[in-house]
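A quick write-up on the structure given underneath.
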Amino acid sequence: MNNFRKKSMIFLASVSAAVLSGTTIGYIYPAGGQAGKTIQVIVGGQALWPIRDIVVSGGGVKLLKLQNAPGTFYPGCWEQNQWVREYMRQVYSGKLNQPRRINKQFGVWRYSRFHEELDHLDPLMLSLACKGIFERPNSLQASPAIGQKLVLTLQIAPDAKPGAREFRLIGSSGNLRSTNPMRFYIGKVPEFREQNYQMPPLKRLPVTFTVPSVINGQIEPGEVDHFKFKLKKGETVNFQLKGRDLNPFIGDGVPGNFQPVLEIRDEKGRSLAFADDNYFDPDPVLEFTAPADALYTLEIRDALYRGREDFVYRIDAARGKYKRSAITAPAMDIPEICEHAAAGKKLRPPVMISGTIPAPGAEKIFTFQAVKGKKIVAEIFARRLGSPLDSILKIYDPDGREIAVNDDFERPNVGYNMQHVDSFICFTPAKDGVYTVKVADTAETGGRDHQFFLRIDRPRPGFQVYLVPSAPWISLDTGTDVFKVVMEKFDGFDREISLELKKAENITISGISSIPGGASESIIGFSSYWTRKLKPVYPELWAVSGKLRIPVKGADAAMQAFAYTHYVPAERIMMFRIWIHGNGDRFKFPPKFNFRVPLKRGGSFKVNVNYAPFKSHFKPAAEFTLPEAPEGVTLKTVKKGNTYQLIFTAAKNAPAVTANKAVRVKYTFDYKHRDGSIRKSVSNFHMPVLRISVR
Amino acid sequence: MVKSLSVIFAVLTIAVVLPAAEAEKEALLKLDAILEKCWKKHGITPAPVVGDAEFFRRLSFRVRGKLPQVSELKKFIADKTPGKRSLLIKKYLDSGDFALLMAMRYADMFRIKSEFPINLWPNAVQCYHRYFYTLTIEDRSWRQTARELLTSSGSNFRVPPANFFRANADRTPKGLAAGTALALMNFRTTALSDADRKKFEAFFSRIRFKSTKEWKEEIVYNDPGQAILKCRTPDGAEFTIDTSGTDPRRVFADWLTDDENPFFARAYVNRAWYWMFGAGIANPADDMAMPRKQGLWSRIFGRETAPAANAPVDEELMTFLSDYFRANGYSTKKLYSLILNSRAWQVGWRCKKEELARKEKYFAVYPVRRLESEIISDALSSLTNSYERYVSVIPEPFTYIPRNTPAVSLADGSMSTGTLDKFGRSPRDSGKFEERNNNSTGAQRLHLMNSGVLYKQISRMPGRILRGRLNMDQMMDLAYLTVLSRYPEPEERKAITAYHKKLSRREKWKIWPDLFWALVNTAEFSYHH
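If you're matching them up, the sequences are chains X and S in order.
Adding 263 to a residue's 1-based position in the first sequence gives its number in the numbering used here.
Adding 310 to a residue's 1-based position in the second sequence gives its number in the numbering used here.
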């Protein structure tokens, strides 16, 4: 490729990349469809202009058409406003002729292609255009995270496997980058959705649905959705609503997720059944047995009468009673035993006991053999697996003395779970003998759903590493891109973890490729050299420590209620390579540098960064900083010709620390523009990740 | 064969159903007899029983929190069914409106409020409010409710009664003890000595709260520990509790809800009486004297101990109602039904000024009290067909309560409007009756008289009615029935007709907006009577 084309593509790419860096999906509505059908979905998000395609895990979903959705209409003048409204009324009444325009107003006529072809719009697009004309957006409710809309026409294959998928949008035009994933469901039963927006003074009418089916809707501010269904006397149906399941964390939501409620009313409007939550899960389940042959109304709303376009729900309507799935044991190589078999026996660890707290105030007691000095772990798996149990564990020694108690055990905010209530105890027996463990519910509730698995075992230090985000983009030939890694550590694991990247084509780990022992979060750098292949890469990223070799999972950071950050695991890691205007490849550490910066308190460490200048750059200057530096550690830079000497210094009272950090570079230079003028350019990038340790 | 079976069935039905109805009738007779005895004892002649229109209006406000509709009122007045008042009472007690009104009252009592100083937060507010609505609809036993409130553990968002201890500004054992005593015993712990109070607080010393990663969620639970607690109830009962095996809250709940407990039934009875009359049998209605056992000296010599200032005005009345409440499984609906069917509740409010205080004290006249803030607001909204829009900026996105939602149904004490605050809505900070200010103030009078918005809304009303082309008399009837739920008196008709004659031809149309406005500004509109 010649230099001009390369530079043009870099320029275009950098513009797109700047846009794509903020591209996110806020919601998909409806969040699923029936296999074998072609559906239209609205995707709301931000910076969606470069989006060109979709990626849906599991396959079977194809994008047929992508359109920008009509937004709010701001007329150039009052006459235009009236003209558009009159035209909309004509289209809704079946007439397709445009009303006469007053030509003298043409000067202030604001162009909108939707309003030039209202009669050609499909029903969904027409309703969105209508809403943009007749409804003024509530500026107090506006959220840039869902400010833009796309309408996608999707074809779902008849043999598409039912269940939850990961839905992403990807952008192109010289770049490829993915948005965050959203849940998308494929089902086998017919699907219904609430009526589209109706032109005033008409209002939405309730849709009548059959059972079994899936019902889709959106809750707007203060809105209560209604659907109708017929039942015969004695018939039982159950409704499982997915609201939080589709969008678990809303950053600017307080509470930080949709809190739906379900209610069933009779023909006279009397309430017959109501459901708010399903134990700890905000998504309700409602069972209903019809007292008579009648047409009933199903009502859906937010518990607090909030509403917004990203308050999307899906309701599975099925016949019969609701059957809660039993929890399944975690995948560990430990023999399982049920509580009845374990009762009264002196168990020998390792053992995984499955049990239930059957009634309020009940407790389960098990005994096990322990050897003096050999650590024992007692761990409950319940809430993490979906059980409503809020466990409390107690351990008693052979003399009956209580030696350990645990209620809640703090874990990283990974996954949907917001209550870390599964207990964990690790203790060292002071003598040989038979020890007792008691399991109960802290809230003294119980029932057949209060299931648990109790692991009595030796410690098995282990970990799970998550790469955040799950679809990182790596810039070509421009330094290092830095991403977060989050660790879940088990049974006191605290060793260093090495990271290995495989099947990543031309993407490599840049800098230190390990996570220091004891860290819960760290950073990792990736870099990529020039290539024309820009399709996403599905690499294997392995975390290795001793004999343990565990695949790294992808996760995406999500904020809740402006305050809490959670990491939502993704199905897989996808990496994108992207052109971006940068000069990071010009700055290099010495070839034999091992990316380690060992510091003594009061001491310093020096490393050179060699800079290979562009001939076209004048007055180049680089500023090196160390963001989020460890306490007491500072960075100074000394320039000597084309070499920058980085001097890391630890204060005399700096605490001992070992952490991965990346030096950030701000590179400025002047260049001669083709018009002859001298212009300034600034680029920011990272150096390869360093391991800084202070002793 | 069939005939004999149906006879057997009828006999069985009568044997089961009738005794219940008979028992209620008997209780009502007994209650009226107690009241008669009380009046006779104090030399008081009760006011006559009110007419149907006044009864209808009084019942509608006290039980549904709504201004009566003209069509309903006319139908009731014209109805000649014997026992129609009892039937109407039953109908209203079974309605969702009653459940909403009771939920509002419980919300005041149990401090259901999102923000400072209670800090329940919206999610807990809505589920806690719903809990009280549902228990009223289902007529759940008050004893069962109290036990649930005292002993529930779990998430404040997912287990509504767990909010009982959560909804306290002071969540130390001292604060929890004071809140519990106030809500369930109508008792102030400040009446106890320091030593006794500490022992009472010990019942609540193992209650803990833990957070989760969900915004503002807290889990309420009992922390057993390994302690031996010495606890003491206000009436002197002592308990030694080993917390490792026993939840002190359960011990307290067992004591409180025991049939022999001197506080429990009386506390609720007094509140129920207060809600229906505007004054308790003992006052202040939520600060009752501790029931006194008759001492040996007074038993021997037949002397009664002097009653405390906040003792019931009639002990026999209080005891009877408490016993009735207990005997009927602590059913609140049955209690309200008894009270509403009683003579005392249906007496008029008119009497000589010099007799008022005495007669009111012994319920020989119906106490005239200003309508609650929410009820006035809903009455105005219903009259003018324009409801306020309730918005809360505490949750995000903001809460927009659907249009035409009555103020009575607002769950959150933090969600309010200028009108509601002006008319003294309870801020729900302490749970005391005195928080709700039902006094008439200058600001309220000015609002009703001078509010341009209100006048405009009122002015639109006659327009709707005038489309029906009514004559002068019919218009006057409709105006009075709509606003005051009665027909105009002859003098009132005369005065309005005379005023109408004085107006010039161009101004004659103004009489109707002015009449409606004038009626809204009468005390008769704003008061329970």
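Backbone N, C-alpha and C fix where the C-beta goes; we use that ideal spot for every residue, glycine too.
Being a predicted model, the structure only gives us computed values, none of them experimental.
Taking a beta-carbon distance threshold of 7 angstroms, LEU567 of chain X counts as an interface residue toward chain S. In terms of Cβ geometry, SER724 of chain S and LYS423 of chain S form a close pair [threshold 7 angstroms].
Neighbourhood of ILE538 of chain S in chain X, by CB distance below 7 angstroms: empty, with the nearest CB roughly 16 angstroms away. Around the beta carbon of ALA477 of chain S, 16 or more other beta carbons lie within 10 angstroms, which makes this residue buried. Per DSSP, reduced to three states, the secondary structure at PHE687 of chain X is strand. For TYR292 of chain X, the secondary structure class from DSSP, reduced to helix, strand or coil, is strand.
Using a CB distance cut-off of 7 angstroms, CYS348 of chain S does not count as an interface residue toward chain X. With a cutoff of 7 angstroms on beta-carbon distance, ILE778 of chain X and SER785 of chain X are scored as near each other. Looking at the backbone, the Cα of ALA922 of chain X and that of LYS766 of chain X are separated by about 27 angstroms. Contact with chain X is absent for TYR443 of chain S, since none of that chain's Cβ atoms lies less than 7 angstroms from the residue's Cβ. Residue pairing by DSSP places PHE746 of chain X opposite X:ILE787 in a beta bridge.
PRO712 of chain S has a beta carbon lying within less than 7 angstroms of a beta carbon in chain X.
The three-state reading of DSSP puts THR708 of chain X in coil, since its state is none of H, G, I, E or B. Where LYS811 of chain S is concerned, the enclosing alpha helix (DSSP H) starts and stops at 800-812. Cα atoms of PRO475 of chain X and ILE527 of chain X: separation of roughly 17 angstroms, rounded to the nearest angstrom.
Under the 7 angstroms criterion on CB atoms, PRO484 of chain X is classed as interfacial with respect to chain S. Exposure of LEU465 of chain X is indicated by the presence of fewer than 16 other C-beta atoms within 10 angstroms of its C-beta.
Taking the Cα of ARG611 of chain X as reference, the smallest distance to any Cα among X:VAL928, X:GLU763, X:PRO598 is reached at X:PRO598.
Contact with chain X is found for PRO705 of chain S, since one of that chain's Cβ atoms lies less than 7 angstroms from the residue's Cβ. Contact between GLY506 of chain X and PRO523 of chain X holds: CB atoms are separated by about 4 angstroms, below the 8 angstroms threshold. In the structure shown, LEU525 of chain X falls within a strand segment according to DSSP collapsed to helix, strand and coil. Boundaries of the beta strand (DSSP E) harbouring THR560 of chain X: 557-565, taken from the DSSP string. Think of a sphere of 7 angstroms around the beta carbon of GLY464 of chain S: the chain X residues whose beta carbon falls inside it are ALA706, THR708, in chain order. Using a 10 angstroms sphere on the CB of LEU730 of chain S, the tally of other CB atoms reaches 16 or more, which defines it as buried.
Sorting S:LEU494, S:GLU670, S:ARG755, S:LEU666 by C-alpha distance to the C-alpha of ALA828 of chain S places S:ARG755 at the top.
ASP544 of chain X is bridged by DSSP to X:ASN541.
Between the region 555-564 of chain S and the region 534-546 of chain S, the count of Cβ pairs shorter than 8 angstroms is three or higher; the stretches touch.
In the DSSP assignment, PRO432 of chain S falls within the alpha helix (DSSP H) that extends over 432-447.
Partner residues in the beta bridge of HIS838 of chain S, as assigned by DSSP, are S:ARG679. In this structure PRO692 of chain X is buried. Its beta-carbon is surrounded by 16 or more other beta-carbon atoms within 10 angstroms. For TYR531 of chain S, the neighbours in chain X by C-beta distance under 7 angstroms run, in chain order, THR705, ALA706. Assigned with DSSP and collapsed to three states, MET615 of chain X falls in strand. Judged by beta-carbon spacing, THR461 of chain S lies beyond the 7 angstroms limit of ALA575 of chain S, meaning their Cβ atoms are not closer than that value. By the neighbour-count criterion, in which 16 or more other beta carbons inside 10 Å mark a residue as buried, LEU486 of chain S falls on the buried side. Residue pairing for ARG942 of chain X: DSSP places it in a beta bridge opposite X:TYR934. In the structure shown, PHE430 of chain X adopts extended strand secondary structure according to DSSP, grouped into three states.
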